[in-house]
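Asks:
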Amino acid sequence: MGSVQSRRWFLVPGVIFLLVIDMVPLVYSLGVSLYEWWLVRPRDVRFIGLGNYSALVLDPAFRRSVLVTCILTFGAVVVEFLAGLALALLFAQPFRFLRPMRAVIMMPLFVVPVVGATMWRLILHPELGVLGYYLSLLGFGNPQWLSDPTLAMIALILVDAWRTIPFMFLVIHAGLETLPAELYEAARVDGASWLQAFRYITVPLLAYIMLVAVLIRGMDIFREFDIIFVLTGGGPGTATETIQLLNYRVFGLGHMGQANAIGVITLILVALMCYLLIRAVLRTR
Amino acid sequence: MLAGMMAVLAAMALSFAPDAFAQAKTLNLSMLAGFKEDVLRANLPDFERRTGIKVAVDAAPLSELYKKQLLSLSTGARHDVLFMDEPWVPALSEFLLPLDERARGIDMQDFIPTTVDAGAYQGRQYTLPVDPNVQILVYRKDLFEQRGLKVPTTWEELLQAAKALHDPAKQQYGIAFTAGSDVQTPLYMTLLMWSYGAELVDARGRAGVNTDAGKKGAEMFLELIKVAPPAVKSFTFADVNKAIQLGQAAMAIQWASGAKPMEDPTRSSVAGKLGYALVPKGTRQAPMRGVWTVAIAKNSPNLEIAWEFAKWLSGREFGLASTRYPSAISAIHCARVSVLSDPGTKQALPYADALLGNLKLAKGRPRLKEYPDIQEHMRVTASRLTAGELSLDAALKEMDAGINKLLGK
Amino acid sequence: MQTRKILTALGLTPALLWTLFPLYWILTASFKTELSLYARPPQWIFSPILENYKRVLFNIPFFQYLTNSLLIATGTTVGSLVLGTLAAYGFSRTRFWGSGALRFLILVTRMVPRMTLVVPYYLIMLKIGMLDTYTGLIIAYISFAMPFSIWLLIGFFDDVPIEVEEAALVDGCNPIGTLLRVVIPIAAPGLAVAAIFAFLVSWNEFLFALILSGVHSKTLPVVIAGLTTDLGPLYGEMSAAAIMVMLPNVLMTLVLQRYVVKGLTLGAVKG
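Residue numbers (my numbering), protein chains in the order written: chain A, 1 to 285; chain B, 1001 to 1409; chain C, 2001 to 2271.
1) Quick one: grab the DSSP three-state call for ALA239 of chain A.
2) For my contact list, ALA1335 of chain B and SER1322 of chain B are in at a C-beta cut-off of 8 angstroms; report their separation, rounded to the angstrom.
3) So, VAL115 of chain A versus ILE2026 of chain C, is the Cβ gap smaller than 8 angstroms?
4) Just to make sure I have the definition right: I need the residues of chain A whose C-beta is within less than 7 angstroms of the C-beta of LEU2131 of chain C. Which are they?
5) Taking the alpha-carbon positions, what's the THR2253 of chain C to VAL2201 of chain C distance?
6) On the CB-based measure, 16 or more other CB atoms within 10 Å of its CB, does GLN2002 of chain C come out buried or exposed?
7) Where ALA261 of chain A and PRO1280 of chain B are concerned, what is the direct C-alpha to C-alpha distance, given to the nearest angstrom?
8) Is DSSP giving ALA1250 of chain B helix, strand or coil here?
9) Would ALA1387 of chain B and PRO236 of chain A qualify as a contact pair, given that the criterion is a beta-carbon distance under 8 angstroms?
10) For PHE110 of chain A, which residues in chain C fall below 8 angstroms Cβ to Cβ?
11) Given a limit of 9 angstroms on CB to CB distance, which residues of the region 1062 to 1073 of chain B reach chain C?
12) In angstroms with no decimal places, state the Cα-to-Cα distance between PHE1021 of chain B and LYS1054 of chain B.
13) Can you name the residues of chain C whose CB is closer than 8 angstroms to the CB of THR118 of chain A?
14) Among the residues of its own chain, which have a CB less than 6 angstroms from the CB of SER2080 of chain C, if the five just before and after it don't count?
15) Taking 8 angstroms as the CB-CB limit, is TYR133 of chain A close to chain C?
16) Is PRO2147 of chain C near the ligand MG, judged by its Cβ being under 7 angstroms from some heavy atom?
17) Enumerate in chain order the residues of its own chain whose CB-to-CB distance from ARG1124 of chain B is below 7 angstroms, with the five nearest sequence positions on each side excluded.
18) Name, in chain order, the residues that DSSP records as bridge partners for LEU2016 of chain C.
19) Is it the case that the Cβ atoms of SER147 of chain A and ALA1231 of chain B are separated by a distance below 8 angstroms?
20) Give the secondary structure of ARG1124 of chain B by DSSP, where H, G and I count as helix, E and B as strand, and everything else as coil.
21) Would you say the region 2211 to 2223 of chain C touches the region 1055 to 1062 of chain B, given that touching needs at least three Cβ pairs under 8 angstroms?
22) Using only alpha-carbon positions, find the residue among B:LYS1141, B:LEU1137, B:GLY1364 that is nearest to TRP1155 of chain B.
23) On a CA-only basis, which of A:TYR28, A:LEU151, A:LEU272, A:ALA187 is nearest LEU124 of chain A? Give me that one, please.
24) Count the CB pairs spanning the region 1041 to 1052 of chain B and the region 1069 to 1080 of chain B that are closer than 8 angstroms, and state whether there are at least three.
25) For chain A, is any of its Cβ atoms less than 8 angstroms away from the one on ARG1384 of chain B?
26) Nearest to ASP1080 of chain B by alpha carbon, out of B:LEU1303, B:ASP1167, B:ASN1358?
27) Of the choices C:TRP2018, C:ILE2124, C:GLU2165, C:MET2244, whose alpha-carbon is the least far from that of SER29 of chain A?
28) Pull out every residue of the region 1231 to 1247 of chain B whose Cβ sits closer than 9 angstroms to any Cβ of chain C, in chain order.
29) Give every residue of the same chain whose Cβ lies closer than 8 angstroms to the Cβ of GLY1105 of chain B, excluding the five residues on either side of it in the sequence, and list them in chain order.
30) Alpha carbons only, please: which of A:ARG217, A:GLY263, A:PHE251 is nearest the one belonging to PHE81 of chain A?
31) Excluding five sequence neighbours on each side, which residues of the same chain lie with their C-beta closer than 8 angstroms to the C-beta of LEU2083 of chain C?
32) Nearest to LEU1062 of chain B by CA position, among B:ARG1289, B:GLU1037, B:GLU1263, is which residue?
33) From the beta carbon of GLY1408 of chain B, is the nearest beta carbon of chain A less than 8 angstroms away?
34) What does GLY2084 of chain C reach in chain A if we use C-beta pairs closer than 7 angstroms?
35) Residues of chain A with a CB under 7 angstroms from the CB of SER2143 of chain C: which are they?
36) For MET1031 of chain B, does the three-state DSSP call read helix, strand or coil?
Next comes the structure, spelled out in structure tokens:
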């Protein structure tokens, strides 16, 4: 019937809107990245082709930032995924007292990231913060969270996790809710342990959702800025200077060509990550 | 039908007219958000009453302000007047209205000379000084008297005093400053290097950091870290203040504008116990100057009223009002000698004398378009030095290399 | 069963503490003076002050910014729902050469870092005179929220059985009518989720609001960021502002909460 074909036209407004709004700036960005353009010297704009890109690839600071970003992304996603999964499994049980807890667990998502990071910075402050006080009481000494390279990275993962575990939890929890209880009943009747049920029922059926949650989260952390900026500012030294922080510095000094080149490289890296993960997912189906 | 069209056209014309009229008398100001904004807003009604000009304040936090101004000015967007930090003036001068002619009509002699220099670039005057700031030494008078210590005048003396007062077990530290990735860190490093005679950019336009003088400054910096609070490597401008306010640090090198909250009893447990002095010297005394200025955008359609505003902001009446602004936090200082040496001002700002004294000796940062980039490079490298990523020699080399690269040498 | 209940509660406790402690800290900070915030030992019980709330509400035009944020967020939500629903429906009900690639493209273009997008946006908005307007920001935010909405809603629409639609068509409904009267009600939970996420995206966004807004359209996150002053964050005011900013989100989610879980449930497994 003609109706199925005509459904195609529903796509048009939304897709046109997105393509225009997204593609136009993207093309502009690509274009600018091929120029040397410093806002401070507006008359010295020169076409340099891939000059910005080669300079970035050769720049040890940029390479370091890619490494830092990858470490942070991997660490955060692993922590958030495992914690979200654990929480979701906890909530998968039919206890009534769990219902209202759900809303509570979701609350960190509503705090403006800048404020959350600022308060965490205060909590982690060695002299003024409340965490240091109790840790030293319990005999753990007074960790210099933000002055030590490793601790700073951990602190970042901690704060990001606080903010986003609710998201992971929600997605996996929703997935678990859809799994038919009969499957688990049958498994139990057959004598399977909880672990076996998890491995052979839960994991395969939820693989898609879990991978998608990881994907979205990974792509978002890769481009995360606010929390890192407030918490460590890229320090100590350059221990937490991610690609986006570098982008921010370069952009803030008016180097448009370079900043856009960084943006394009980020896009390529993220798209690659996205593509690989999606391929992996499609293959498991 | 025709009457209808006329009515519509008339309505459209009328709806545009008040707008155009209002625009002729409204200024768009790019301002620093926070306390300075509060002081300004409190005094704006006075300006409006005198001149009939309305000012729309577009405030942004310090970390974003340069970027916003750069973007706005270079793309011709509408800010008519800008509250601009002096290191940005050379970079932004391209887009600013030179004020030499108009400046002849106001009392420029009343300004502390160095603050006027803060607004000049390549022989032309681009901004007027509004809010001068300079690094000063803050110290605990009570602790010094207790130990019979005299106020240090050289960095070596300061180091000795800090060691004497440094007692980590009791959460007492010698001196507070910033040594990490905070924006202030390169300024402390620069101050120390200057004190021993080094220059960021020498007379030939090449980097001058990797010299004996520069090395001495950096070494002193590293020494001072040992008598600072352990978190000094993640300190910010505000943390330096808190260290003093909570009685944890015996001394601090801080911008004068940071001193006011130290005297506020609701925020500071050491109010009234503080002394203010000149920054110590190495081979010379070189406190860093940091003047907030007012600039006019070249492309503004409201040049005349913009000038009115600039005059007012850098003028006596606003200066007197702002220094006396009854807030326990920082005021907007004034760059006029007449205002700073006024007895009423001294009462409102206990550190007024130190401010004036230091300003007379203050040294400005290199007047280059590349300066913001240079400062950023120094920040990253100094931060890497204190984090242990680079050795001292490697850091000095890196600083020089980066500066030379930026200057195209 | 009892042991499992106890174990669950035990397992949940650290999670709750972990989630709630910073929130509690923010809440109490909004009622404390700055000095008492640093008190050692930390003050859990104290006498609250209202200064921070007063200062936030009266020293800055808080209500104006609140209105701005509300209008922009609502505009974003409505816009992205309308456009997203249409697009998702189209994707769900048709397959054509390149539709998969198109879906991927939509998702990926969203992945350009915001900082990279901000300058072209700024320049374009400047040229068409939409700087410092609601519309400018709404358009930008819709483009942020739509890709996720589309992806999510495709899953939901896929779950609506084709037979139901075909039955409606047989009854004489046109495609739009089918969408509105049959498909959407079934997929309503999905729309609720998409709405919440669009609202959150717009409500919390900072960078674009900072660069693209001026005096008239400034939103709450920019104002909150401005509370990190040269003298450091004003913890009291910032916390008060954050609490007040959270309230609309919390209210909205409490209401839509039931749909959310049901919503994510239906849409997530497919897609």
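Just so it is clear, CB atoms sit at the ideal spot from N, CA and C, and this is done for glycine as well. Bear in mind the structure is a predicted one, so any value in this text is a computation, not a measurement.
Replies: Let me spell this out:
1) On the first sequence, position 239 is the one that residue 239 of chain A refers to. Coil at ALA239 of chain A, not helix or strand.
2) For the purposes of this step, residue 1335 of chain B is identified with residue 335 of the second sequence, where counting begins at 1. For the purposes of this step, residue 1322 of chain B is identified with residue 322 of the second sequence, where counting begins at 1. The C-beta distance from ALA1335 of chain B to SER1322 of chain B rounds to 11 angstroms, too long to meet the 8 angstroms contact threshold.
3) Taking the first sequence and counting its residues from 1, one reaches residue 115 of chain A at position 115. Taking the third sequence and counting its residues from 1, one reaches residue 2026 of chain C at position 26. Their beta carbons are under 8 angstroms apart, which means VAL115 of chain A touches ILE2026 of chain C by this criterion.
4) Numbered from its first residue, the third sequence carries residue 2131 of chain C at position 131. Result: empty, since nearest Cβ-Cβ is about 15 angstroms, beyond 7 angstroms.
5) The sequence position of residue 2253 of chain C within the third sequence is 253, counting from 1. The sequence position of residue 2201 of chain C within the third sequence is 201, counting from 1. Distance between the alpha carbons of THR2253 of chain C and VAL2201 of chain C: 14 angstroms.
6) Translated into the one-based positions of the third sequence, residue 2002 of chain C becomes position 2. Exposed, since its Cβ has fewer than 16 Cβ neighbours within 10 Å.
7) Here residue 261 of chain A refers to the residue found at position 261 of the first sequence. Here residue 1280 of chain B refers to the residue found at position 280 of the second sequence. Distance between the alpha carbons of ALA261 of chain A and PRO1280 of chain B is about 45 angstroms.
8) The count along the second sequence starts at 1 and reaches residue 1250 of chain B at position 250. Correct three-state label for ALA1250 of chain B: strand.
9) Within the second sequence, the letter at position 387 stands for residue 1387 of chain B. Within the first sequence, the letter at position 236 stands for residue 236 of chain A. By the CB criterion at 8 angstroms, ALA1387 of chain B and PRO236 of chain A fall inside the cutoff.
10) Position 110 of the first sequence, counting from 1, holds the residue named residue 110 of chain A. Residues of chain C whose Cβ lies closer than 8 angstroms to the Cβ of PHE110 of chain A are, in chain order, LEU2200, MET2246, ASN2249, VAL2250, THR2253.
11) Taking 9 angstroms as the Cβ-Cβ cut-off against chain C, the residues of the region 1062 to 1073 of chain B that qualify are LEU1062, SER1063, GLU1064, LYS1067, LYS1068, LEU1071.
12) Walking along the second sequence from the start, residue 1021 of chain B turns up at place 21. Walking along the second sequence from the start, residue 1054 of chain B turns up at place 54. With a pLDDT of only 39 at PHE1021 of chain B, under the threshold of 50, the placement of this residue in the model should not be trusted; the figure read from the coordinates follows. PHE1021 of chain B and LYS1054 of chain B: Cα-Cα distance of roughly 12 angstroms.
13) For the purposes of this step, residue 118 of chain A is taken as the residue at position 118 of the first sequence. Contact note: THR118 of chain A reaches chain C through THR2228, PRO2233, TYR2235, MET2238, using a C-beta cutoff of 8 angstroms and chain order.
14) On the third sequence, residue 2080 of chain C is found 80 positions in, with the first residue counted as 1. Excluding residues within five positions, the ones whose Cβ falls inside 6 angstroms are ILE2142, ALA2145, MET2146, SER2149, ALA2198.
15) For the purposes of this step, residue 133 of chain A is taken as residue 133 along the first sequence, with counting starting at 1. Contacts with chain C at 8 angstroms (Cβ-Cβ) include TYR133 of chain A.
16) Absence of the ligand MG from the depicted structure is noted, as is the absence of any ligand whatsoever, leaving it without description.
17) As a position in the second sequence, residue 1124 of chain B is number 124, starting the count at 1. The residues PRO1098, ASP1100, in chain order, have a CB closer than 7 angstroms to that of ARG1124 of chain B in the same chain once the five nearest residues on each side in sequence are set aside.
18) Stepping through the third sequence from its first residue, residue 2016 of chain C is reached at position 16. Bridge partners of LEU2016 of chain C: none, in fact.
19) As a first step, residue 147 of chain A is located in the first sequence; it is residue number 147 there, counting from the start. As a first step, residue 1231 of chain B is located in the second sequence; it is residue number 231 there, counting from the start. Between SER147 of chain A and ALA1231 of chain B, the C-beta gap is smaller than 8 angstroms, which places the two residues in contact.
20) Here residue 1124 of chain B is taken as the residue at index 124 of the second sequence, counted from 1. DSSP places ARG1124 of chain B in strand when its eight states are reduced to three.
21) Taking a contact to require three or more Cβ pairs closer than 8 angstroms, the region 2211 to 2223 of chain C and the region 1055 to 1062 of chain B qualify as touching.
22) To locate residue 1155 of chain B, count along the second sequence from 1; it is residue 155. Comparing Cα positions, the closest option is B:LEU1137.
23) Position 124 of the first sequence, counted from the start, is the residue given in the question as residue 124 of chain A. With distances taken between Cα atoms, LEU124 of chain A lies closest to A:LEU151.
24) As far as the Cβ criterion goes, the region 1041 to 1052 of chain B does not touch the region 1069 to 1080 of chain B, which means the pair count is below three.
25) Within the second sequence, residue 1384 of chain B is the residue found at index 384, counting from 1. Answer yes: the Cβ-Cβ gap between ARG1384 of chain B and chain A drops below 8 angstroms somewhere.
26) Indexing the second sequence from 1 puts residue 1080 of chain B at position 80. Ranking the options by Cα distance to ASP1080 of chain B, first place goes to B:LEU1303.
27) Residue numbering aside, residue 29 of chain A sits at position 29 when the first sequence is read from its first letter. With distances taken between Cα atoms, SER29 of chain A lies closest to C:ILE2124.
28) From the region 1231 to 1247 of chain B, only THR1236, PHE1237, ALA1238, ASP1239, ASN1241, LYS1242, GLN1245, LEU1246 have a Cβ closer than 9 angstroms to chain C.
29) On the second sequence, position 105 is the one that residue 1105 of chain B refers to. Hits under 8 angstroms: none found.
30) Locating residue 81 of chain A in the first sequence gives position 81, counting from the first residue. Closest by alpha carbon: A:ARG217.
31) Residue 2083 of chain C sits at position 83 when you count from the first residue of the third sequence. ILE2142, MET2146, listed in sequence order.
32) Sequence index remark: in the second sequence, residue 1062 of chain B carries index 62 (1-based). Looking from the CA of LEU1062 of chain B, the closest CA among B:ARG1289, B:GLU1037, B:GLU1263 belongs to B:GLU1037.
33) Residue mapping note: residue 1408 of chain B aligns to position 408 of the second sequence, counting from 1. Not closer than 8 angstroms to any Cβ of chain A, the Cβ of GLY1408 of chain B fails to qualify, so no.
34) As a working mapping, residue 2084 of chain C is identified with position 84 in the third sequence. Residues of chain A whose Cβ lies closer than 7 angstroms to the Cβ of GLY2084 of chain C are, in chain order, GLY14.
35) Locating residue 2143 of chain C in the third sequence gives position 143, counting from the first residue. Contact note: SER2143 of chain C reaches chain A through LEU18, ILE21, ASP22, using a C-beta cutoff of 7 angstroms and chain order.
36) Mapped onto the second sequence, residue 1031 of chain B falls at position 31. Strand at MET1031 of chain B.
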